[in-house]
Each structure stands twice: as structure tokens, then as C-alpha cells.
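S.K.:
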Amino acid sequence: MTDVYVAARSTSVFVDRSDRGKLVILGADRASYLQGLLTNDIAALSPGDGCYAAYLTPQGRMAADMLVLDLGEGLLLDVHSSTTSWLVDRLREFVFTEEVTVEDRTSMWSAVGVHGPGSATAVSTVVWSGETADAGRSGDLSRLAEYHHLAGRFHGVDVVVARNDELGELGFIIYLKSNAVGALHAALSDTGVSEIDGSTFDVLRVEGGRPAFPADLDEETIPLEAGIEDRAISMTKGCYVGQEVIVRILHRGKGRVGRRFIGLLFDPDMAAPPVGAELTRGEKHEKVGAVTSAVWSPSLQRPIALGYVKRELSEPGTEFRVVDADRRWSAVAAERPFLTSAHSSPR
């Protein structure tokens, strides 16, 4: 195990997330406008609240996922970089008589994730000591509901701290002006918080069992297949793009979908399979699914993966033959998350 991996599992680490898109929706009709487009209940948010949501195709597939934070003066959409420009154009396209403005602030704002069991203390030490926008408001950040957030100050700059357990462990995202992100990196390092790179981030995420866009969620994915409906979809709100498909599955199909998102365990002496490797069954090696994310787990000392299989084969313990070109692996379906934490939110 590397030192930074051990730190992620025992104390805290940070990772730069400035590549993600930051869109701000302004105007008196901003909440009602997004309410008709996104899967979650945006109209129910108050300043300081947040939620996870998806923008679906009319066929009910994932076009984008995002965090939605109610900042009071506007709604912040934190989106994957691959969807930023497309979403800006699409959100502007549907504005007719509504009082809504869509601003792309990706280049102006940066984001830094702080994750691990000690992340609340690390964030409080850096952001809440000294200058604080609302003294005494921070309290115990670990009690903050996921996606809810607080305002603060760092080096004279306004910041927003949002709870986000995207690695299956207690975590936070700090949003701030881009010209202050270097100072934030330095401040975190000075308090003993190590920086991780993208590959370590992905190991932690896969161990935590959460699907990520676009690796595990794409335009072929129905949210119900990925099991994200509890945190991404409101079952009580009004219409949104793709809702008819979701309602039809839930009510007529009783929630049954053709495939399920699962974890996969491999033998310790194997290397992790490549993304896209096929999951097969039977003597004829019938394709029944595919790998979407795969890593070596330092904690489990074996390769692990995430992927989709036919619904009837998704039970833990089901065995598969994994095939990629002329290479073969044996795998068994496993519960997600692979590792659990006392502080993390549900997957």
C-alpha cells in the first residue's frame, strides 16, 4: 500500500477537481426551470441544501449527472467536464419566457475534494479557522447531510464547502475562486493532508462501489439499472425529461430492469481486467455483461471491478468468466461497496 492510500483510509487526502464544470443558474425562475428538466426535486431546495440529480434523454437514459447546490443567489451545477459545453447549450436552448440565465463559471471557479475519516477536521482547520463568514456555524462538518453545504472564507476569498461522499468515505468539496486554489493546496499540505492523483482517486471510488459518469453511467444507462434512484430521482415531483420511461419501469414493470450494476471480485494472483471486458457464462461463453471500471484494491489485495450483468445473474456469489481478446479471468459477483465506513452515506 502507498502512503497516500493509507492516509485516505486512516486520516484524509485531497484531490484537485477543478476540471469539473461549474454552471450557475440565475434568475427568479431558476428552480422551477430546472424542476422540469432534472430528475430530483430542485424546487424543494433551500439555501444551504443540495442534491444529486441526472439529466436524462427522452428515452430515460443518462445524458449527464450533477451535484446541484442552492447557493441562495443561484443554483450551482457541478458536472463532468465532458458534458459542460453541451449542458450550457442545452439549458440555454430551453429558456423561452422564463427569467433564467445560465452562466459557465468553470474557468473562474476551482474545486478541491478532501476525503477520508479525518476530512471534516482537515477542512475545518483550513477553512473555518481565522476568517469565517459565519463564525461558529461550521460545528461538526461530519453531521452535515450529503450534498448540503456551508459558506466560509479562505485567504480573503469566499468558499463553499459541500458534503460529498463520492469515494464511499466521508468527504467534502471546497469551491473557490481559481486564483486561490494554489494557496488552498498549500494550506492542506501544511496541515499534513496528502494530495492524491486520478488513479488513486479511482481506486478509492471503485472500492466505495459508487458508479461514476461517464465510466459507469452513459447514454445506454437507465438510472434504475445503476441503483442510483434513491439519491438521484424524486418519486413525488412533477414531470421531467425521460420521466415516462422511469415511471413505466417502476409501475408497470415493478422496478424490473434488464441488467444490474454489481461489484466483481477476482483471484488475488490476477491482474485487473480492462474496461469493456465481457462477462460470460456457460459452455458457449454467452455474453451476459461487461466491466465498466476495474482496479487493484490495496485493502483487499486483489483486483475488483464494477460492471453490469443481466438482472437474474446479479446476486452475490454468481460466477463469471471474464473475456478480453485471448485473455481469461474468473470473477464472482460481490456486494457494493467493497469497503464500508461508519461515516459514509449510502451508495
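Per the UniProt record's numbering, numbering of the sequence shown is gapless, rising by one per residue and ending at 347. Quick reminder that beta carbons are idealized off the backbone N, C-alpha and C, glycines included. Just so we're clear, the structure is a prediction, and the values are computed from it rather than from any experiment.
1. Verify the contact flag: Glu207, CB atom, against every heavy atom of the ligand HEM, threshold strictly below 7 Å.
2. Return the bridge partner residues of Asp216 from the DSSP annotation.
3. Cα separation between Ala7 and Glu169?
4. So for Tyr175, helix, strand or coil by DSSP?
5. Which class does Ala186 belong to by DSSP, given the choice of helix, strand or coil?
6. Alpha carbon to alpha carbon, how far is Gln59 from Thr11? Give it in angstroms, no decimals.
7. Nearest-angstrom Cα distance between Trp329 and Ala44?
8. With respect to the beta strand (DSSP E) encompassing Tyr52, which residues constitute its N-terminal and C-terminal limits?
9. Considering only the beta carbon of each residue, do Gly152 and Val13 sit closer than 8 Å?
10. Going by beta carbon distance, what residues of the same chain come within less than 6 Å of Glu319, once the five residues before and after it are set aside?
11. Please determine, among Met108, Arg259, Arg90, the residue with the shortest C-alpha to C-alpha distance to Asp216.
12. Taking all protein chains shown into account, decide if His149 is buried (16 or more other Cβ within 10 angstroms of its Cβ) or exposed.
13. Identify whether Leu150 lies in helix, strand or coil by the three-state DSSP scheme.
14. To the nearest angstrom, report how far apart Asp41 and Glu244 are at their CA atoms.
15. Taking the Cβ atom as the reference point for each residue, do Met62 and Pro223 lie within a distance shorter than 8 Å?
16. Using three-state DSSP, classify Leu91 as helix, strand or coil.
17. Using the three-state DSSP reduction, which class does Thr318 fall into: helix, strand or coil?
18. By the 10 Å Cβ neighbour count, where 16 or more other Cβ atoms means buried, how is Ser297 classified, buried or exposed?
19. Using the Cα positions of Gly263 and Pro337, report the straight-line distance between them to the nearest angstrom.
20. Quick one: residues in its chain with C-beta nearer than 6 Å to the C-beta of Gly136, no 5 flanking neighbours on either side, listed in chain order?
M.R.: The structure says:
1. This structure simply doesn't include the ligand HEM, nor any ligand for that matter.
2. Locating residue 216 in the sequence shown gives position 216, counting from the first residue. BP columns for Asp216 are empty, so no partner.
3. The residue labelled residue 7 in the question sits at position 7 within the sequence shown. The residue labelled residue 169 in the question sits at position 169 within the sequence shown. Spanning the two alpha carbons is a distance of roughly 12 Å.
4. Numbered from 1 along the sequence shown, position 175 holds the residue referred to as residue 175. In this structure, Tyr175 counts as strand in the three-state DSSP scheme.
5. Sequence index remark: in the sequence shown, residue 186 carries index 186 (1-based). Reduced to three states, the DSSP call for Ala186 is helix.
6. Your numbering for residue 11 matches position 11 in the sequence shown. Your numbering for residue 59 matches position 59 in the sequence shown. If I take the Cα positions, the gap works out to 43 Å.
7. Your numbering for residue 329 matches position 329 in the sequence shown. Your numbering for residue 44 matches position 44 in the sequence shown. Approximately 47 Å, taken between the alpha carbons.
8. Taking the sequence shown and counting its residues from 1, one reaches residue 52 at position 52. Looking at the DSSP string, the run of the beta strand (DSSP E) that includes Tyr52 is 50-56.
9. As a working mapping, residue 152 is identified with position 152 in the sequence shown. As a working mapping, residue 13 is identified with position 13 in the sequence shown. Contact: no.
10. As a position in the sequence shown, residue 319 is number 319, starting the count at 1. So the list reads Val332, once near-sequence residues are dropped.
11. Residue 216 sits at position 216 when you count from the first residue of the sequence shown. Asp216 has its Cα closest to that of Arg259, out of Met108, Arg259, Arg90.
12. Mapped onto the sequence shown, residue 149 falls at position 149. So His149 ends up on the buried side.
13. Indexing the sequence shown from 1 puts residue 150 at position 150. Looking at Leu150 - three-state DSSP - the assignment turns out to be strand.
14. Reading the sequence shown from its first residue, position 41 is the one you call residue 41. Reading the sequence shown from its first residue, position 244 is the one you call residue 244. Those two C-alpha atoms are separated by around 16 Å.
15. Mapped onto the sequence shown, residue 62 falls at position 62. Mapped onto the sequence shown, residue 223 falls at position 223. Yes.
16. Looking up residue 91 in the sequence shown gives position 91. Of the three classes helix, strand and coil, the one that applies to Leu91 here is helix, per DSSP.
17. Position 318 of the sequence shown holds residue 318. It is coil, neither helix nor strand.
18. As a first step, residue 297 is located in the sequence shown; it is residue number 297 there, counting from the start. Classification for Ser297: buried.
19. On the sequence shown, position 263 is the one that residue 263 refers to. On the sequence shown, position 337 is the one that residue 337 refers to. Straight-line Cα distance between these residues: approximately 8 Å.
20. Counting from 1 along the sequence shown, the entry for residue 136 is found at position 136. Per-residue confidence for Gly136 stands at a pLDDT of 40, beneath the threshold of 50, marking its modelled position as unreliable; the derived number appears in the next sentence. Excluding positions up to five away in sequence, the list is empty.
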